[in-house]
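A.B. asks: I am attaching a structure below and will ask some questions about it afterwards.
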Amino acid sequence: MQTLLLWLFYISTFYAFIPGMISRIFGYRVFRKGIGRTDYGLTFDDGPDPHYTPLLLDLLKRYGAKATFFVVGAHAEAHPEIIKRMHDEGHLIGIHNYVHKTNWLMRPATVRKQIQRTDDIIFKITGERSTYYRPPWGIVNLFDFSKRRQVQIVLWSAMFGDWKEKLGAERLTDKLISKLGPGEVMLLHDCGTTLGADPHAPEHMLIALERMLQEADRRGLRSIRIDKMIKAVQDSPITRLSFGKRLVVGLWLAWEQVFQLLFQIKTISPADPFLHYRLRKYQGNPVQMDNGETLSKGDKVIELHIDNRQLFELGVHSRSSAQLAIRMIRRMEKDLPVLAERIAGDVDLADAKALYGVSMLNRGPEKFGFMVLDLPSGLFASSTKFYLSILLSVIHPSGGARLKVRSELLVPKMMLMPVSQLLDQMNQQRPQKPVKQRERVREEEHSLEAELELPGATVVH
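Numbering (my numbering), first residue to last: 378 to 838.
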């Protein structure tokens, strides 16, 4: 019995668990995120529902949003008029199996029949075949990867648990807006009749979605179909990178997420992230800045970080070093005024002495008032150069060839700017520190004493 259980464990691990982990972590043979600067993707699973899906279509139509519906074949068969409306209004229709059952519990031939049967139903209603497939719960098995020639497996980059009523419209709204951004593939549900879902959960989803669509309009973001997102990725220079480079980039971007979480990194413009920052203490040697102040060890600085994904995309879409530099300068011109405004409204940030950053892409910061200085020799400088050299070989338009030409110039530099200088440039002022309660009471006592003593002193005189 023990041997049988072990064999079942081994089979299930290789058949389902490992393929599922590979697809989720590395995105192997699946699509889960786009690269657009102003586009994101709304996707809906488990429908169509005779009550909620028409309401959803009305909502999308009001905001001019296009979506992708991964329909359950049995539901589509029961409500062909809704499928036809989806198609007529320009939405993409994908496959979510004929019944909502995990692929882990079905043989490859059964999964194939589920997909084919649902595709036939869609074709009968719309006259078009579907080649986009999302397995229920996003769970793939070993043989799903072999379907790449027949269907494109689509997962997601953001999921919200909207199938539960207890989440509520308010919390769901917060979750949706927090993940709203370029390239995101958002997973929602327009039907609550599947196993584990609450029947009226889509009611809360519709309320939250409208609020998010309003915010998307305010930010200049639009929802597009998944096929449009996939085509944009296929046409991108990113697809021409070798597997090794894509792996480096994937690890790099994953590390950024961990780093931001661990060190509580904040974003200047969350809708279009480029600069991130955190408040920390300076640990380097004393430096005299342009305004005459000395930055010493222990002084507070605002440490700046360029968004890795944006940096990568700017690099692969730039034809030359000059074009990359120009694009980065334009992004800095957009974010620095926002940072100055934020500092002017935050006492803790305004208490910092300087803006601080380390980068190998250090041509142009003087334009904004930064000092560019050599890093002191040591472990930090050498390890930083090694790390940044690997990344530069991936993101730079010239690739690794850039490292062989004038490599002596490719060294990480420290960039500094007094916070007071940034505020002056942007016509902002430091906020006044709030007076503590005890200090306020003491000041009032001193003021009262002065008022009481002043008349007596005048009379004596």
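By construction, the Cβ of each residue, glycine as well, lies at the ideal position given by its N, Cα and C atoms.
In this text, all values refer to a predicted model and were calculated from it rather than measured experimentally.
According to DSSP, is Tyr659 part of a helix, a strand, or is it coil?
C.D. replies: Tyr659: coil per DSSP, three-state reduction.
A.B. asks: Let me make sure I understand the geometry here. Which of Gly558, His581, Thr503 has the alpha-carbon closest to that of Asp567?
C.D. replies: Here the closest residue by C-alpha is His581.
A.B. asks: When burial is assigned at 16 or more other CB atoms within 10 Å of the CB, is Asn804 buried or exposed?
C.D. replies: Exposed is the call here.
A.B. asks: Can you check which of these residues, Met483, Ile601, Asp497, is closest to Phe421 by C-alpha distance?
C.D. replies: Closest by alpha carbon: Ile601.
A.B. asks: Skipping 5 residues on each side, what residues in its chain have a beta carbon closer than 7 Å to that of Leu436?
C.D. replies: Cβ neighbours of Leu436 beyond the five flanking positions: Leu583, Leu586, Glu587.
A.B. asks: I believe Thr503 touches Ile470 by the beta-carbon criterion, under 8 Å. Please report the beta-carbon distance rounded to the nearest angstrom.
C.D. replies: So it is a contact: roughly 7 Å between Cβ atoms.
A.B. asks: Going by DSSP, which residues form a beta bridge with Val408?
C.D. replies: Going by the sequence as given, residue 408 is Phe instead of Val. Partner(s): Val531.
A.B. asks: According to DSSP, simplified to helix, strand and coil, what is Pro559?
C.D. replies: If DSSP states are grouped into helix, strand and coil, Pro559 belongs with coil.
A.B. asks: If distances are taken between C-alpha atoms only, which option among Met791, Thr479, Ile720 comes closest to Ser754?
C.D. replies: Answer by Cα proximity: Met791.
A.B. asks: Taking 8 Å as the threshold (C-beta atoms), are Leu800 and Val729 in contact?
C.D. replies: According to the sequence as given, residue 729 is Ala; it is not Val. No, these two residues do not count as a Cβ contact at 8 Å.
A.B. asks: Is it buried or exposed, Thr571, if we count other Cβ atoms within 10 angstroms and call 16 or more buried?
C.D. replies: Buried.
A.B. asks: Taking only three categories from DSSP, how would you classify Gly687?
C.D. replies: In the sequence on display, residue 687 carries Gln and not Gly. The answer is helix: DSSP assigns Gln687 an H, G or I state.
A.B. asks: Rounded to whole angstroms, what is the Cα-Cα separation between Leu598 and Val562?
C.D. replies: So the alpha carbons of these two residues sit roughly 13 Å apart.
A.B. asks: What residue from Ala442, Arg439, Ile460, Thr508 has the CA that sits closest to Ile927's CA?
C.D. replies: Nothing in the structure corresponds to residue 927, since the chain is present only between 378 and 838.
A.B. asks: Distance check for Glu458 and Trp481, CA to CA, integer angstroms please.
C.D. replies: If I take the Cα positions, the gap works out to 32 Å.
A.B. asks: Output needed for Lys438: all residues of its chain with C-beta closer than 8 Å, excluding positions within five of it in sequence on either side, in chain order.
C.D. replies: Only Glu466 meet the Cβ criterion.
A.B. asks: Residue range of the beta strand (DSSP E) that Pro447 falls in?
C.D. replies: Reading the sequence as shown, one finds Phe at residue 447 and not Pro. Run containing Phe447: 444–448, per the beta strand (DSSP E) assignment.
A.B. asks: The beta strand (DSSP E) spanning Leu732 covers which residue range?
C.D. replies: Residues 731–736.
A.B. asks: In its own chain, which residues sit with a C-beta less than 8 Å from the C-beta of Gly413, not counting the 5 before and 5 after it?
C.D. replies: Contacts found: Pro559, Gly560, Ile601, Met606, Ala609.
A.B. asks: Could you tell me whether the Cβ atoms of Ala727 and Leu672 are closer together than 8 Å?
C.D. replies: Taking 8 Å as the Cβ cut-off, Ala727 and Leu672 do not qualify as a contacting pair.
A.B. asks: For Leu691, which residues from the same chain have a beta carbon less than 7 Å from its beta carbon, with the 5 sequence-adjacent residues on both sides left out?
C.D. replies: Around Leu691: Leu701, Arg704, Met705.
A.B. asks: Assuming Gln798 and Asn668 make a contact with CB atoms under 8 Å, what is their CB distance in whole Å?
C.D. replies: Rounded, the Cβ-Cβ distance is 6 Å, consistent with contact.
A.B. asks: Excluding sequence positions up to five away, which residues of its chain have a Cβ less than 6 Å from the Cβ of Leu716?
C.D. replies: For Leu716, where only same-chain residues beyond five positions count, the Cβ hits under 6 Å are Ile645.
A.B. asks: Determine the direct distance from the alpha carbon of Asp426 to that of Ala451, and round the result to whole angstroms.
C.D. replies: The straight-line gap from Cα to Cα measures roughly 11 Å.
A.B. asks: Which class does Val796 belong to by DSSP, given the choice of helix, strand or coil?
C.D. replies: Looking at Val796 - three-state DSSP - the assignment turns out to be helix.
A.B. asks: Does any residue of chain C have a CB that is nearer than 8 Å to the CB of Met709?
C.D. replies: Going by chain labels, chain C is absent from the structure shown, which holds only one protein chain.
A.B. asks: The beta strand (DSSP E) with Leu419 in it runs from where to where?
C.D. replies: Start and end: 416–422.
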